[in-house]
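Asks: Next up is a structure, given as C-alpha cells.
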Amino acid sequence: MSEVGLGLRRIYEDRLAFAGLVILIALVVCAVLAPRLAPYPDDIKEIHPKQRLLPPSANHLLGTDRLGGDILSRLLFGARITIAIAVIAMGVSLAIGVPVGLVAGYFRGWPSDLLMRVADVFLAVPQIVLAIAIAQTLGPSIPNVILALSATYWPWFTRVVYAETRSTMNETFVEATRGLGSNPGRLIFLHLLPNVASPIIVRASLGMGFTILTAASLSFLGLGAEPHSPEWGRTIAESRAYLPEAWWYVAAPGIAIFLVVMGFNLLGDGLRDILDPRIRTGRAR
Amino acid sequence: MIDLLAVRGLELHFETERGPVQVLDRVNLSIGHGQVVGLVGESGCGKTTLARAILGILPLSARVLGGEILLDGVDLLRMPASVLDASIRGRRITFVPQDPFGSFNPVFTIGAQIMELLKWKSAGLAGTGDDGARAGWMPGLLRPYPRRRYRADRQAVIDLLREVQIPDPEQMLRKYPHQVSGGQRQRLMIAMAFLPRPDLIIADEPTTALDVTIQAQILLLLRRLVKEHGVSVLFTTHDLGTAYEICDKIVVMYAGQEMEEAPTDAFFGKPSHPYTRKLLESLPNPEGEIRDIPGEIPGLIDPPIGCRFHPRCPEADANCRRARPAPSAVGERHWVRCYHPAGAAQPSLATPTPRIAR
Amino acid sequence: MRLLLFALRRVAWLAPTLLGVVALTFAISHVIPADPAALLAGEMASPEQIARVRAEHGLDQPASVQFVRYLGRIARGDLGRSLYTTRDISFDLVRRLPATLELTLAAMVVTVVLGIPIGVLSALRRNSLLDHAVRGATIAGLAIAAFWMGIMLQLLFAMTLGWTPLGGRLTGFPPRTITHLYVLDALLTGDWSALGSALNHLALPALTLGIPAMATVVRFTRAGVLDVINSPYVLYQRAMGVPASVVVWKYVLRNAAISTITQLGLVFGVLLAGSVVVETVFDWPGLGLWAVNSIVMSDYNAIMAFTLWVAVVYIAINFLVDVLHLLVDPRESAA
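Protein chains in written order, with my numbering: chain X, 2 to 286; chain E, 543 to 900; chain Y, 1480 to 1814.
Next up, the structure:
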C-alpha cells in the first residue's frame, strides 16, 4: 500500500482527525459550490431593505442581515474568502519560511545565525500586533491582510525546518561522507525530505486555524474585508449594532469560524499523533 | 524450610491495540531466605515483568490472569493496594532499578529523597506500633517526620553510605543527582535498598547501565552486603557472566516461560536445557569465537504453542509443539522443563571467567 | 553571581533582537503610501508648508540617517507625536497602561488559578471521562474567535440577563488613586461600591481574554504532569512504597511546575495579543483600544509605537521567565 494510502487509512482510524478532515472537505465543497448551494446567491451584491433582520425561518435558514441579505448564502460565499486567505497566506509563509530554514540549517556560521535572528525578530512581536501594523500601513484590504499574515507566520516554518535540517546535518553519515571526500548534498536531501515533511505538514495544518482566527480578527477590526463583504469577521463586526434582537446575525458567522478552525485543529492534532512515530509506539512496555 | 517468596503459575498479559501480548506463561519461581537468585534471559523474555509483578508496579495495560505470588505464604496479588504500599513495598521488598540516573528526581537533593524514603520506611518504625506509611487520619503530605527518628535515620543513612564506600556521605546528601557519577548513583540505590532492612531485594539489571570496570565493583559490594545482612535477592540480568559472580541459584527464562533452574555450579557444570546450552555456547570462548543462536525471539501476541523455544530448538519434536513440558529433576535442586534434556555425558562448556573471587 | 552572568549574557543576546524589532517597525512605517509630512502638516497645508514640515522633521534625510535619529529618540523615551491627538505618544501610552495591566492581570489569574489545577487533574485521571471532557474543551477553546466569544458573552450576560455592564471599566466615581488599578485601589481604600463596580466591569473581559489562554495552559500543564508521572523516578518512589499522595503533590507537582514556568511566557504573549480585540469589544480604555482607535484615525506613529511597546514587553517577559526558570531548576543553576 502506498505511503499516502497508509496515511489516509490512519486518518480514518483516528476518529477526531477524521472528523476534522470531514469538516474541511465540507468547507471546501461549500466554498467551491457556493453559487450552486446558496439559496440566494445574488445577496452578496443585492440589497433587500424590506427584508432586513428577519429571524431564521424556512425561507432564510439563518435569517437575514441588516441589508436584507440571506445570511446562509453570504456565509457560503464568505467561506471562499476564508479559504483563499488561509491557503494563500500559508502558501506564501511556506514559500518563504521553508527555504530560509533549509539554508540556515545547511550552512554554519554567521549567515545562518543572521537568518535565524531575523526570524526571531519577527517572532518577538505577537502575530496579530505585527499584522495590524503592516495591514494598517498598507491600507485595509484582503490582499494586504494576506500579505501581513504571510509576513508574520513564515518564521514558524523556518524554525521547524531549521531544527530538522540542523539535526540531519549533524548526523554521522554526513560527516562520514564528507570525510570520504564526496558531497553529501544529495544524500542529505533524500534523508531530509521525509523527516522534514511531517513537522511542516503538522505546523501548516495547525497554522491554518490560527491564521483564520487572526484574519477574522483583522477584518473585525476593520483592517481586512471592506464593508458589507460576506467575510465572516466583517459580518460579526457589522452585526454588533443590532444586538441583542438579531442574535442570529452574530451567532452564525461565529459558529462557522469555530467549526472551520476546529476542523483544522483536529486534523492537525491527529496528523501530529500519526506522523510522530514516538507517540505511536510509545506504549510498548 | 518454606521459601521466602514463591511464584506459582503466574500468567500475565499486556493489552495492546493489536491484541493481548502473553508476556508470562504460568511461571514458577522460588526464592529462599538469604538466597541470591539470578533470573537470566534475553531482552523481552519477561524477567523484568516478573520482577515488577512481584512489586506490583506493572503498567496499566497489564492483566494478571492467574497464579499467585506468595511472600511467606501470603498472596501478594490478592492483597489490597494500601496494605501492599504500607507493609510490603519499601519495607519487606525493596527495589534496585536498572537506570540509576533516571530513578532520582532531578530537582531534589539526594539527601531529601533518601530521607523521604525513610520517613515512611525506616527500620526504626518496625515494632513501634507506628506504621509510618499507613495514611491514618492525617494525609500523607502533612504528616511530620518525628525529630528523634529523623536523627536516628539520618545517622543510619550516613553509616550505610560509608558501607557502600561513598566518600564524605554528609556532602553527598546535599548534592543533586546530576552532580554524581553513574557508579556512585548505583551505590546510592543499593544503599537505599538496604536501609529499610528488607527481606527481599529485587534488583532489575542493576549493572547493565554501568561501565564494565564499575560493574565488578558494584557486584562485589552487593555480594558483601547481601551476606552481611542475610537478605534474599532476585537479580535479573541478560548477562550470564554477571549471574555467575553473585548468584546462588540461576533460573533461565525464554519468551515468558522458565526453562531451567539450578544452583550456579550445577547450572554451568551441567546445563540441561537446549536453550541454556545455546546461551552458554554463545559466550565468547577462550579462542575468541562467538556463536549465536539462529532464529528470533517469537512475537508474544501469537506465541508458539507448547514449549516456546521449539521453533529454534534442534531437539524439538511433536510433543514440544503440543504441550509445555512439566518440570523434571536432573540433579539436586536442578530442574528443567524439557522433553529432551541433555544427558550426563555432555562436552563441558565454557565457564565464565570470574571477575571477582567466589 | 552566576545568575548575574546569565542575566547579562541573555541581555546581550536579546539586544540585537530588540534592535531588529525597532528596525522592523521603522521599516514598516516607511512603507506607508501617504506622505508623512503632508499628514503632519494637515489637510489644508500648502506645498511650501509641507516642505517646511518635512525639513523640520528631518523627513528629507536619507533613510539610514532617519533611522539613527529614530533610535536616538526611542532611547530617550520619545516615541513621537500622535498624528491624531498631537500629544506625545509616550504620554498617551503611560496613561492607558494601567487599564490594560489590570485586565491582563485579571485574565492571568483566571488562566492560572483555573487552568493549572484542571490540567493537573486531567493528567492524573488520564483517559477518564473528565480527561476527555477537558481535552475536548481545550480543543474547542482554541478554536473560538476571542472577539466573537466576547460578543456572545455580552449578549448573554449583559444584554439578556443584565448581570454585568456592557463595557467600560467603571460606573460611577473611581476610587482614590494609589496604583491606578481600580480593584486594588478600591480594596486599599475600602471603597466597596467602587470595588463592586470595578469587578463587575472586569468580569466579562477577563473571562474573554483568559479562557483561550486557559486552553493553552491546561494543555501544557497536562502534558508536563503526564511526562513526569511516567518517569523512572516516580516509578521508583512508588515501587518503594512512598505514599501516592506524597509522590504526586510534593514531587510530581514540583517537576511539572518547573516545566510549566517556561511556558508562562507563551501564555503572556497570547494575553497581550488578545487584549487588542477584547478591549475593542468591551470598550475597555486600555492600550488595545487606543491602538484600534489609532487604526481608525490612521495614526501611523501611534501604531508603530504600540507595536514597539508590545514587542519590548513580550521580550522582557520572556527574559524574566528565563531567569525565573534558572532560579528554580537546580540542573541549570548548579551546572
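The beta carbon of each residue, even a glycine, is placed where N, CA and C say it ideally should be.
Here the structure is a predicted model, which means the values were calculated and not measured.
Could one say the Cβ of proline 144/X lies closer than 8 Å to chain Y's Cβ atoms, at least one of them?
Replies: Taking the first residue of the first sequence as 1, we reach residue 144/X at position 143. Cβ-Cβ to chain Y under 8 Å: no for proline 144/X.
Asks: Is arginine 296/X near glycine 69/X, with beta carbons less than 8 Å apart?
Replies: There is no way to answer for residue 296/X, as the model of chain X reaches only from 2 to 286.
Asks: Give me the Cα-Cα distance between glutamate 705/E and arginine 10/X, rounded to the nearest whole angstrom.
Replies: Taking the first residue of the second sequence as position 1, residue 705/E is located at position 163. Taking the first residue of the first sequence as position 1, residue 10/X is located at position 9. One C-alpha to the other measures close to 60 Å.
Asks: For a quick check, are the C-beta atoms of isoleucine 1737/Y and aspartate 1801/Y less than 8 Å apart?
Replies: If you number the third sequence from 1, residue 1737/Y lands on position 258. If you number the third sequence from 1, residue 1801/Y lands on position 322. Not in contact: isoleucine 1737/Y and aspartate 1801/Y (Cβ atoms no closer than 8 Å).
Asks: At 7 Å on the CB atoms, spell out the chain Y contacts of isoleucine 599/E, in chain order.
Replies: Within the second sequence, residue 599/E is the residue found at index 57, counting from 1. Those within 7 Å of isoleucine 599/E in chain Y are Leu1714, Arg1717 and Ala1718.
Asks: Would you identify the three-state DSSP class for serine 629/E, choosing helix, strand or coil?
Replies: In the second sequence, residue 629/E corresponds to position 87, counting from 1. If DSSP states are grouped into helix, strand and coil, serine 629/E belongs with the helices.
Asks: Note down, in chain order, every chain Y residue with its Cβ under 8 Å from the Cβ of arginine 241/X.
Replies: For this step, residue 241/X is matched to residue 240 along the first sequence. Those are Ile1630, listed as they occur along chain Y.
Asks: DSSP three-state call for phenylalanine 810/E: helix, strand or coil?
Replies: Counting from one through the second sequence, the residue named residue 810/E turns up at place 268. Phenylalanine 810/E falls in the helix class under three-state DSSP.
Asks: Interface residues of chain X around methionine 1783/Y at Cβ under 8 Å?
Replies: Taking the first residue of the third sequence as position 1, residue 1783/Y is located at position 304. The answer, in chain order, is Ala134.
Asks: Run the CB neighbour count on glycine 92/X, radius 10 Å, all protein chains shown included, and call it buried at 16 or more, exposed below.
Replies: Here the question's residue 92/X lines up with position 91 in the first sequence. Result: exposed.
Asks: Using beta carbons (cut-off 8 Å, strictly below), is proline 231/X in contact with chain Y?
Replies: Position 230 of the first sequence, counting from 1, holds the residue named residue 231/X. Not one chain Y Cβ lies under 8 Å of proline 231/X.
Asks: If you scan the region 716–772 of chain E from start to end, which runs of the beta strand (DSSP E) of 3 or more residues do you find wholly inside it?
Replies: With a minimum length of 3 residues, the continuous beta strand (DSSP E) runs that stay inside the region 716–772 of chain E are 742–746.
Asks: If you draw a straight line from the C-alpha of threonine 1739/Y to the C-alpha of proline 738/E, how long is it?
Replies: For this step, residue 1739/Y is matched to residue 260 along the third sequence. For this step, residue 738/E is matched to residue 196 along the second sequence. Taking the straight line from one Cα to the other gives about 35 Å.
Asks: To the nearest angstrom, report how far apart arginine 273/X and serine 870/E are at their CA atoms.
Replies: Walking along the first sequence from the start, residue 273/X turns up at place 272. Walking along the second sequence from the start, residue 870/E turns up at place 328. Computed Cα separation, rounded: 53 Å.
Asks: If distances are taken between C-alpha atoms only, which option among Pro709/E, Arg879/E and Ile743/E comes closest to arginine 727/E?
Replies: On the second sequence, position 185 is the one that residue 727/E refers to. Taking only the C-alpha atoms, the option nearest arginine 727/E is Pro709/E.
Asks: With a threshold of 8 Å between beta carbons, is valine 649/E in contact with chain Y?
Replies: For this step, residue 649/E is matched to residue 107 along the second sequence. It does: the Cβ of valine 649/E has a partner Cβ on chain Y nearer than 8 Å.
Asks: Just checking: is the beta-carbon of arginine 620/E within a distance shorter than 8 Å of some beta-carbon in chain Y?
Replies: Residue 620/E sits at position 78 when you count from the first residue of the second sequence. For arginine 620/E, the answer is no, since every Cβ of chain Y falls outside 8 Å of its Cβ.
Asks: Let me make sure I understand the geometry here. Which of Val579/E, Gly588/E and Ala865/E has the alpha-carbon closest to that of valine 793/E?
Replies: If you number the second sequence from 1, residue 793/E lands on position 251. Nearest of Val579/E, Gly588/E and Ala865/E to valine 793/E, Cα basis: Val579/E.
Asks: Name the DSSP beta bridge partners of alanine 548/E, please?
Replies: In the second sequence, residue 548/E corresponds to position 6, counting from 1. In DSSP, alanine 548/E forms a bridge with Ser572/E and Leu612/E.
Asks: In this structure, how does DSSP classify isoleucine 1657/Y when only helix, strand and coil are distinguished?
Replies: What you label residue 1657/Y is simply residue 178 of the third sequence in a count that begins at 1. Residue state, collapsed to three classes: coil.
Asks: If you drop the 5 nearest sequence neighbours on each side, which residues of the same chain put their C-beta closer than 6 Å to that of methionine 731/E?
Replies: Translated into positions along the second sequence, residue 731/E becomes position 189. So the qualifying residues of the chain are Val638 and Pro642.
Asks: Tell me, please, whether the CB atom of tryptophan 248/X is closer than 8 Å to any CB atom in chain Y?
Replies: Locating residue 248/X in the first sequence gives position 247, counting from the first residue. Yes, its Cβ sits closer than 8 Å to a Cβ of chain Y.
Asks: So which residues of chain Y does arginine 631/E contact, with C-beta pairs closer than 8 Å?
Replies: In the second sequence, the residue the question calls residue 631/E occupies position 89. Under the 8 Å cutoff, chain Y gives Arg1717, Ala1718, Met1719 and Gly1720.
Asks: Assuming glutamine 799/E is part of the beta strand (DSSP E), what are its boundary residues?
Replies: As a position in the second sequence, residue 799/E is number 257, starting the count at 1. It spans 799–805 - the beta strand (DSSP E) in which glutamine 799/E sits, taken as one unbroken run.
Asks: Is the distance from the Cβ of threonine 178/X to the Cβ of histidine 192/X below 8 Å?
Replies: Counted from its first residue, the first sequence places residue 178/X at position 177. Counted from its first residue, the first sequence places residue 192/X at position 191. No, the pair does not count as a contact, with Cβ atoms beyond the cut-off.
Asks: Could you tell me how far apart the beta carbons of threonine 236/X and arginine 81/X are, in whole angstroms, since I believe they sit closer than 8 Å?
Replies: Counted from its first residue, the first sequence places residue 236/X at position 235. Counted from its first residue, the first sequence places residue 81/X at position 80. Contact doesn't hold; Cβ gap of about 14 Å is too wide.
Asks: Please go through the region 191–279 of chain X and give each complete beta strand (DSSP E) segment of 3 or more residues, from N-terminal end onward.
Replies: DSSP runs (the beta strand (DSSP E)) wholly in the region 191–279 of chain X: none.
Asks: Between leucine 752/E and glutamine 759/E, what straight-line distance do the alpha-carbon atoms span, to the nearest angstrom?
Replies: What you label residue 752/E is simply residue 210 of the second sequence in a count that begins at 1. What you label residue 759/E is simply residue 217 of the second sequence in a count that begins at 1. Roughly 10 Å between the two C-alpha positions.
Asks: What does glycine 588/E reach in chain Y if we use C-beta pairs closer than 9 Å?
Replies: As a position in the second sequence, residue 588/E is number 46, starting the count at 1. Within 9 Å Cβ-Cβ: nothing; glycine 588/E doesn't reach chain Y, min ~18 Å.
Asks: With a cut-off of 8 Å, does the C-beta of alanine 751/E fall near any C-beta of chain Y?
Replies: Sequence index remark: in the second sequence, residue 751/E carries index 209 (1-based). No, its Cβ sits nowhere closer than 8 Å to a Cβ of chain Y.
Asks: Taking isoleucine 1740/Y as the query, report the chain E residues whose CB atoms sit under 8 Å from its CB, ordered along the chain.
Replies: Reading the third sequence from its first residue, position 261 is the one you call residue 1740/Y. Chain E residues near isoleucine 1740/Y: none, gap ~12 Å exceeds 8 Å.
Asks: Would the beta-carbon of alanine 1625/Y fall within 8 Å of that of proline 1684/Y?
Replies: Here residue 1625/Y corresponds to residue number 146 of the third sequence, with the count starting at 1. Here residue 1684/Y corresponds to residue number 205 of the third sequence, with the count starting at 1. Contact: no.
Asks: With 8 Å as the threshold, decide whether the Cβ of alanine 677/E is near any Cβ in chain Y.
Replies: For the purposes of this step, residue 677/E is taken as the residue at position 135 of the second sequence. Confidence at alanine 677/E is low in this model, with a pLDDT of 47, below 50, so the placement of that residue is unreliable and no value is reported for it.
Asks: Of all the CB atoms in chain Y, is at least one closer than 8 Å to the CB of tyrosine 786/E?
Replies: Taking the first residue of the second sequence as position 1, residue 786/E is located at position 244. It does not; no Cβ of chain Y falls within 8 Å.
Asks: Whose C-alpha, out of Val872/E, Met801/E and Leu825/E, is nearest the C-alpha of cysteine 855/E?
Replies: Locating residue 855/E in the second sequence gives position 313, counting from the first residue. The option with the nearest alpha carbon to cysteine 855/E is Met801/E.
Asks: What residue from Ile596/E, Phe646/E, Val549/E and His852/E has the CA that sits closest to tyrosine 718/E's CA?
Replies: Locating residue 718/E in the second sequence gives position 176, counting from the first residue. Among Ile596/E, Phe646/E, Val549/E and His852/E, the Cα nearest to that of tyrosine 718/E belongs to Phe646/E.
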